[in-house]
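So the protein lines, in turn, are chains A and B.
Each residue of the first sequence is one higher than the one before, starting from 1 at the first, in the numbering used here.
Each residue of the second sequence is one higher than the one before, starting from 1001 at the first, in the numbering used here.
Have a look at the structure below, then the notes.
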Amino acid sequence: MADIVVERDIAAPPEVVFAMFTEPHLLVRWLGDTAELDPVPGGVFRFTLADQDACRGRYVELDPPHRLVFTWGWERAEAIPVPAGSTEVTVECTPTATGTHLRLTHCGLDGDAAALHEHGWDRFLTRLGAVLDGVDAGPDPWAEDPDDVVERMRRER
Amino acid sequence: MLRLVWNSERTSTDLAEHTGMSRPSASQHLRILRDADLVAVRVDGNRRWYRADRDRLARVRALVAGFWDDRLDALQAAAEQETHRRG
């Protein structure tokens, strides 16, 4: 299944963009209200939102200021139906003439068999109905066959 | 499992074989996916055919993509402010 890729060109050096993901006082300026971060492989990546919902995962890989990988999910999936630690986010910071090109890739959202058993997707999937009922799908990003998408992404790399 | 029912309808026996899961755990997995409306079922005689509900799946993805899109706008503003502050 296709990963989610979001990109931005930011007028800030890679060191600052990278620190946005590793320093609690910087993380809370764009993601959440409180943060508990231990930026070493295996260390905690956790932040809370105003409604007390918390996102939790672990840092997997850190190569400052270029590349960072952490697992991601919600402790209670009321807002976004992805369980804690079940999916993986990769952040890549490439220097540009004006600052940094940031590329964020979120993979593992298909809730495959392994994730279902290891991370409790089942508990979260049962809540999907209520969560999804207010969401507009917009244009179908999965209209393409998932295997074609994977193949295309490989070629584009 | 979702990938297997992406483009074609399959039975739970067929899915168990393809995933290497036992039949009971394949059935349980399918029930969960069905409860979440991620998989649709068609009954044909005494066989049940399963396929992915792509519209529903597209909405999960749209939800998460929308989340990151908003958050990265905020990250961009914060990183640029921080850069100014550091001079």
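Where is the CB? At the ideal position from N, CA and C, for every residue including glycine.
With a threshold of 7 Å on Cβ separation, who are the neighbours of P39 of chain A within its own chain once the five nearest residues in sequence on each side are excluded? T22, Y59, L62
Taking 8 Å as the CB-CB cut-off, is V1064 of chain B touching chain A? yes
Compare the beta carbon distance of L37 of chain A and L49 of chain A with 8 Å and say whether it is the shorter of the two. no
Quick one: is A12 of chain A near chain B, going by C-beta distance under 8 Å? yes
Consult DSSP for H106 of chain A and reduce its assignment to one of helix, strand or coil. strand
Flag R29 of chain A as yes if its beta-carbon sits less than 8 Å from any beta-carbon of chain B, otherwise no. yes
Considering only DSSP beta bridges, list what T48 of chain A is partnered with. A:T34, A:A54
Taking only three categories from DSSP, how would you classify P95 of chain A? strand
Alpha-carbon spacing of E92 of chain A relative to E7 of chain A, whole angstroms: 10 Å
Could you name each continuous beta strand (DSSP E) segment of 3 residues or more that falls completely within the region 1008-1051 of chain B, going from the start of the chain to the end? 1039-1044
Compare the C-beta of V1060 of chain B with all C-beta atoms of chain A and state if any pair is closer than 8 Å. yes
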